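Trainee: Below you'll find the structure I mean.
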Amino acid sequence: MNDNNDLTHTSVASFGEITSCARNNRDILNGNISVGPGFTVAIGCNPFFKAFIKERSPIRLDVMRVGIVKTGWCEPVIGFRSYHCGPGDLLFINCGAVLTDDDFGEDTTFVGISMTEGYMRDVFGGRLPDLFLPPGQCFSLHLSEEEQAIWEQYMHTLNRLVHMEGVDRDTVSSFFLSSLHFIHSLYKSKVAVRWKYKSRNRQTVERFVRLVNDYAKTEHEIEFYASQLCMTAHYLGMVVKKETGITAKEWIDKTLVILIQLELRYTSKSLKMIANEFGFVSLSTLCKFFKRRTGITATEYRMMPDDTPCSSIETP
């Protein structure tokens with residue numbers, strides 16, 4: 001286990017690692033988990049991943065997780081702040097959150113979803129709402145019985161949709177979008193009216209991420225964002241690295257890659273046109289950047305199948 005008091009040295013868990021953890025622990029897995037291209041839907045799932053987190057903490061999860069505690073309780077520690085959640089509590093943990101601990105009661109089960117940042121941006125058409133932008137954003141809400149029932153209806157419908165033949169990607173995405181808008185409306189009614197203290201560094205990171213969301217398409221260097229925030233690039237880089245565990249340039253580049261992927265997947269624009277629109281000095285520069293970040297060429301990515309079949313992780 002790493003030193004839990006040092007968030008600058010964290011392990012990273014990708015979406016693939018997390019779903020592999022579920023498959024490798026199917027002997028202790030309860031409930032149902034459906035795995036799709038960039039998302040999971042869990043119904044009555046137990047915390048099969050707790051040993052995975054304990055062994056590698058502090059650990060940064062490259063997925064967004066949101067769900068309600070159906071039975072039992074959990075108490076994740078995000079950046080040294082604990083969130084105790086019991087039955088009927090909804091917990092949202094954004095991509096990039098660093099878990100330093102995660103404890104669970106016996107017979108704890110969840111109903112919820114997880115998704116990669118790329119899939120989440122796809123669902124929102126490339127631009128995330130401010131609530132879902134801050135790296136490591138975490139909040140908990142207690143839901144009424146009616147609100148819990150609505151959330152569970154979303155999850156059960158999604159679980160059926162992702163396995164139904166003939167249902168296209170847009171239909172599934174629109175249902176995910178609706179469920180996340182539901183979370184957004186709950187947050188506004190229950191939390192947004194409260195004043196909440198945030199450190200200056202945290203405010204800086206959130207402003208930086210909002211700027212990246214707005215300008216990453218054409219502004220690829222940290223100096224632009226530092227000038228917008230009236231600070232040096234070196235200082236901004238230190239703050240972002242300290243608060244999130246990854247560099248400011250990494251935030252810019254990963255957002256840029258996701259935006260390029262959306263253009264490749266859902267438009268017929270030529271690579272040269274995309275290079276021009278995204279401010280690359282040449283087509284070659286775009287292609288080298290994309291290959292370096294993803295491991296495949298832009299043309300290979302564009303030729304990948306649009307839809308990957310959804311699978312269920314079978315329990316004993």
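Counted from 1, the sequence shown has number 94 at position 94 by the UniProt record's numbering; the numbering is strictly sequential.
Positions of the beta carbon are idealized from the N, C-alpha and C atoms, including for glycine.
Just so it is clear, the structure is predicted and the values come from calculations on it, not from any experiment.
#1: Helix, strand or coil for leucine 161, going by three-state DSSP, please let me know.
#2: Under the rule that 16 or more other beta-carbon atoms within 10 Å means buried, what is aspartate 122, buried or exposed?
#3: Which of the three DSSP states is assigned to valine 209 in this structure?
#4: Scan the segment 18 to 92 and note each continuous alpha helix (DSSP H) run of 4 residues or more that stays entirely inside, going in chain order.
#5: Quick one: measure Cβ to Cβ for valine 209 and proline 135, integer angstroms, because I've assumed they're closer than 8 Å.
#6: Have a look at Met304, Gly44, Ile78 and Cys45 and flag the residue whose alpha-carbon is nearest the alpha-carbon of arginine 265.
#7: For glutamate 300, is the classification buried or exposed, using 16 other Cβ atoms within 10 angstroms of its Cβ as the cut-off for buried?
#8: Helix, strand or coil for glutamate 300 per DSSP?
#9: Is DSSP giving aspartate 3 helix, strand or coil here?
#10: With a 10 Å radius around its C-beta and 16 neighbouring C-beta atoms as the bar for buried, classify valine 66 as buried or exposed.
#11: So the candidates are Cys230, Met164 and Lys190; which of them puts its Cα closest to the Cα of glycine 36?
#12: For the segment 91 to 104 against the segment 150 to 157, do three or more pairs of beta-carbon atoms, one drawn from each stretch, fall closer than 8 Å, so that the two count as touching?
#13: Return the CA-CA distance between threonine 204 and glycine 237, expressed in angstroms with no decimal places.
#14: Can arginine 56 and serine 20 be called in contact, C-beta distance under 9 Å?
#15: State the Cα-Cα distance for the pair tyrosine 187 and phenylalanine 92, rounded to the nearest angstrom.
#16: Just list the residues that DSSP pairs glycine 112 with in beta bridges.
#17: Can you check the segment 135 to 180 for any beta strand (DSSP E) of at least 3 residues that lies completely inside it and give the ranges in chain order?
#18: Helix, strand or coil: how does DSSP classify phenylalanine 124 here?
#19: Kindly identify the DSSP beta-bridge partner or partners of leucine 99.
#20: Between the segment 285 to 296 and the segment 247 to 265, are three or more C-beta pairs nearer than 8 Å?
#21: Ignore the nearest five residues each way along the sequence and tell me which others in tyrosine 235's own chain have a CB closer than 8 Å to its CB.
Mentor: To lay it out plainly:
#1: helix
#2: buried
#3: helix
#4: 50 to 56
#5: 6 Å
#6: Met304
#7: exposed
#8: helix
#9: Reliability of the predicted coordinates at aspartate 3 is poor, the pLDDT of 49 falling under 50, and the value obtained from them is presented with this limitation in mind. Three-state DSSP puts aspartate 3 in coil, outside helix and strand.
#10: buried
#11: Met164
#12: no
#13: 11 Å
#14: no
#15: 10 Å
#16: Ala42 and Gly67
#17: 138 to 142
#18: coil
#19: Ile59 and Ile78
#20: yes
#21: Ala226
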